[in-house]
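Novice: Per our numbering, the sequence shown starts with residue 3, numbered consecutively.
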Amino acid sequence: MPEFIPPAKPIIGDEERAAVDRVMRSGMLAQGPEVAAFEAEFAQHFALDRACVAVNSGTSGLHLGLLSSGIGAGDEVIVPSFTFAATANSVALTGATPVFADIDPETFCLDPASVRASVTERTAGIMPVHLYGHPADMAGHLAVAEEHGLRVFEDAAQAHGARIDGRPVGTFGTFAMFSLYPTKNMTSGEGGMVSVDGPDTERLMRLYRNQGMERQYENEVVGFNNRMTDIHAAIGRVQLTKVGGWTAQRRANAAYLDAHLEGVTTPPVAPGVEHVYHQYTIRVPEDRTGFATALREEYAVGSGMFYPIPNHRLAPFRAEVELPETERAAAECLSLPVHPSLGRDDLDRIVSAVNALAKAGA
Ligand SMILES: *Cc1c(COP(=O)(O)O)cnc(C)c1O
Numbered sequence: 003m004p005e006f007i008p009p010a011k012p013i014i015g016d017e018e019r020a021a022v023d024r025v026m027r028s029g030m031l032a033q034g035p036e037v038a039a040f041e042a043e044f045a046q047h048f049a050l051d052r053a054c055v056a057v058n059s060g061t062s063g064l065h066l067g068l069l070s071s072g073i074g075a076g077d078e079v080i081v082p083s084f085t086f087a088a089t090a091n092s093v094a095l096t097g098a099t100p101v102f103a104d105i106d107p108e109t110f111c112l113d114p115a116s117v118r119a120s121v122t123e124r125t126a127g128i129m130p131v132h133l134y135g136h137p138a139d140m141a142g143h144l145a146v147a148e149e150h151g152l153r154v155f156e157d158a159a160q161a162h163g164a165r166i167d168g169r170p171v172g173t174f175g176t177f178a179m180f181s182l183y184p185t186k187n188m189t190s191g192e193g194g195m196v197s198v199d200g201p202d203t204e205r206l207m208r209l210y211r212n213q214g215m216e217r218q219y220e221n222e223v224v225g226f227n228n229r230m231t232d233i234h235a236a237i238g239r240v241q242l243t244k245v246g247g248w249t250a251q252r253r254a255n256a257a258y259l260d261a262h263l264e265g266v267t268t269p270p271v272a273p274g275v276e277h278v279y280h281q282y283t284i285r286v287p288e289d290r291t292g293f294a295t296a297l298r299e300e301y302a303v304g305s306g307m308f309y310p311i312p313n314h315r316l317a318p319f320r321a322e323v324e325l326p327e328t329e330r331a332a333a334e335c336l337s338l339p340v341h342p343s344l345g346r347d348d349l350d351r352i353v354s355a356v357n358a359l360a361k362a363g364a
């Protein structure tokens, strides 16, 4: 049996280890100059032309971003159901209600038409997710927001560097959150980076992150300790120097899979979109579990199901809504390895395994 190809693989090198060591030797471990430098470098690297605020996780970033945008009890925020639960959790944690809308079956991202149909007088915002690294239809969401006087927030957890007609994700909403969890396109160990639309949102983010304080012991609001450490920021700063190359490799891997997979639906890319392939997701309409098991056991190829249970059917959020494309995607989606550590041999093994299984199933 050949060596197992994992579905994701964080890459940590000597430079990251040296950066951690540098901070450890400095004796200053908590939020400090490394975090400030990481915030500035992140904004610059992804050409966000906005301020960035670092926090201890992507989930904290969504939570504080929503609070800083004035979202709270009595509000509704429209979110996809086909996403990681952190999207809806962050809305619920503010006291607001997540309202679930359906996805576009081509891009797997929140569908503006379904959002429009879900607007009520309590709707305060829309939070699309740039799922798998493919940007959501931001022109569509901004148009719905304009019609109804809503805010737009971006869950860009999986989409570092993705663009629409040259414009980076993270520049469309009141705020956008990029996750720095180890399996994401770049990592700081744990962490999140939030880009903000201006000084008011930025100031509130910084207050909420640090117990409500700008000046020490002069607390202005009820806040959290959601600070990033300088140790994590030092890792993230090194990863920023590498993420461009990794994204190029993810794209090359995806192009190879697109060109060689047969008998399965490969992930389409909307016109004008630059996809960053956090995941490479195919549809397996018949016996997905059997397909994934055979990939692993017969070919030593890992895969992932993101996400098998739509959020509107999870215990905390149970909602009576009809989301047919969400249900279908949750039943059919299978993500194949696309991470930058794959070699040509690995890609060929993935291709021959998927093609053989698709043929056998057809
Ligand atoms: C990973 C992820 C989050 C949460 O980020 P953490 O850094 O793990 O807290 C939120 N939304 C989506 C879509 C994610 O993939």
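From the three backbone atoms N, C-alpha and C, an ideal C-beta is built for every residue, glycine too.
#1: May I ask whether a heavy atom of ligand 1 can be found less than 7 Å away from the beta carbon of Gly-194?
#2: Give me the Cα-Cα distance between Gly-74 and Ala-98, rounded to the nearest whole angstrom.
#3: Considering Thr-295, what are the terminal residues of the alpha helix (DSSP H) in which it resides?
#4: What three-state label does DSSP hand Ile-233 in the structure shown?
#5: Any contact of the segment 175-194 with the segment 46-60, i.e. 3+ C-beta pairs under 8 Å?
#6: Can you check DSSP and say which residues form a bridge with Phe-102?
#7: Would you list the residues whose beta-carbon is nearer than 6 Å to any heavy atom of ligand 1, in the order they occur in the chain?
#8: By the DSSP assignment, the beta strand (DSSP E) with Met-195 in it spans what residues?
#9: Can you give the beta carbon distance from Ile-284 to Val-266, rounded, assuming they're within the 8 Å contact cut?
#10: Could you give the C-beta distance for Val-22 and Ile-237, rounded to a whole number, given that I count them as a contact under 8 Å?
#11: Consult DSSP for Ala-324 and reduce its assignment to one of helix, strand or coil.
#12: Quick check: Ala-138 and Leu-112, are their CB atoms within less than 8 Å of each other?
#13: What are the residues that DSSP puts in a beta bridge with Pro-107?
#14: Going by DSSP, what residues sit across from Ile-166 in a beta bridge?
#15: With which residues is Thr-267 paired in a DSSP beta bridge?
#16: Closest to Glu-327 by C-alpha separation, out of Val-198, Phe-110, Met-188, Glu-5, would be which residue?
#17: Could you name the residues of the same chain whose beta carbon sits closer than 7 Å to that of Asp-167, not counting the 5 residues immediately before and after it, in chain order?
#18: With a threshold of 7 Å on Cβ separation, who are the neighbours of Ala-217 within its own chain once the five nearest residues in sequence on each side are excluded?
#19: For the alpha helix (DSSP H) containing Glu-41, name the first residue and the last one.
#20: Ignore the nearest five residues each way along the sequence and tell me which others in Pro-70's own chain have a CB closer than 6 Å to its CB.
#21: Would you say Val-271 and Arg-252 are within 8 Å of each other, going by their C-beta atoms?
#22: Quick check on this structure: which residue in Ile-352, Ala-333, Ala-362 has the alpha carbon closest to the alpha carbon of Pro-107?
#23: Between the alpha carbons of Tyr-210 and Thr-96, how many angstroms are there, rounded?
#24: If we ignore side chains and look at the alpha-carbon of each, how far apart do Glu-264 and Ala-360 end up?
Specialist: This is what the structure gives:
#1: Taken from the Cβ of Gly-194, at least one heavy atom of ligand 1 lies inside 7 Å.
#2: Going by C-alpha positions, Gly-74 is about 5 Å away from Ala-98.
#3: Element bounds for Thr-295: 290-301.
#4: Looking at Ile-233 - three-state DSSP - the assignment turns out to be helix.
#5: Contact between the segment 175-194 and the segment 46-60 is present: 3 or more CB-CB pairs across the two stretches fall below 8 Å.
#6: Phe-102 is bridged to Val-81.
#7: This selection yields Ser-59, Gly-60, Thr-61, Thr-85, Phe-86, Ala-88, Thr-89, Val-131, Asp-157, Ala-159, Gln-160, Ser-181, Tyr-183, Gly-194.
#8: That run of the beta strand (DSSP E) goes 194-198.
#9: Contact holds; Cβ gap of about 5 Å.
#10: Correct: roughly 6 Å between the Cβ atoms.
#11: One detail in the question is off: residue 324 reads as Glu in this sequence, not Ala. Of the three classes helix, strand and coil, the one that applies to Glu-324 here is coil, per DSSP.
#12: Yes; because the gap between Cβ atoms is below 8 Å, this pair is in contact.
#13: For Pro-107, which the question treats as bridged, DSSP gives no partner whatsoever.
#14: Listed as beta-bridge partners of Ile-166 by DSSP are Arg-169, Val-275.
#15: Bridge partners of Thr-267: Arg-285.
#16: Checked all of Val-198, Phe-110, Met-188, Glu-5; the closest Cα to Glu-327 is Phe-110.
#17: So the list reads Gly-274, once near-sequence residues are dropped.
#18: In the sequence as presented, Ala is not what sits at residue 217; that position holds Arg. Nothing listed; no residue qualifies.
#19: For Glu-41, the enclosing alpha helix (DSSP H) covers residues 35-47.
#20: The residue asked about is misnamed: residue 70 is Ser in this sequence, not Pro. If you ignore the 5 residues before and after Ser-70, its C-beta comes within less than 6 Å of the C-beta of Thr-203, Leu-206, Met-207, all in its own chain and listed in chain order.
#21: No, the pair does not count as a contact, with Cβ atoms beyond the cut-off.
#22: Of Ile-352, Ala-333, Ala-362, the residue nearest in Cα terms is Ala-333.
#23: The C-alpha of Tyr-210 lies about 12 Å from the C-alpha of Thr-96.
#24: Cα-Cα distance, rounded: 8 Å.
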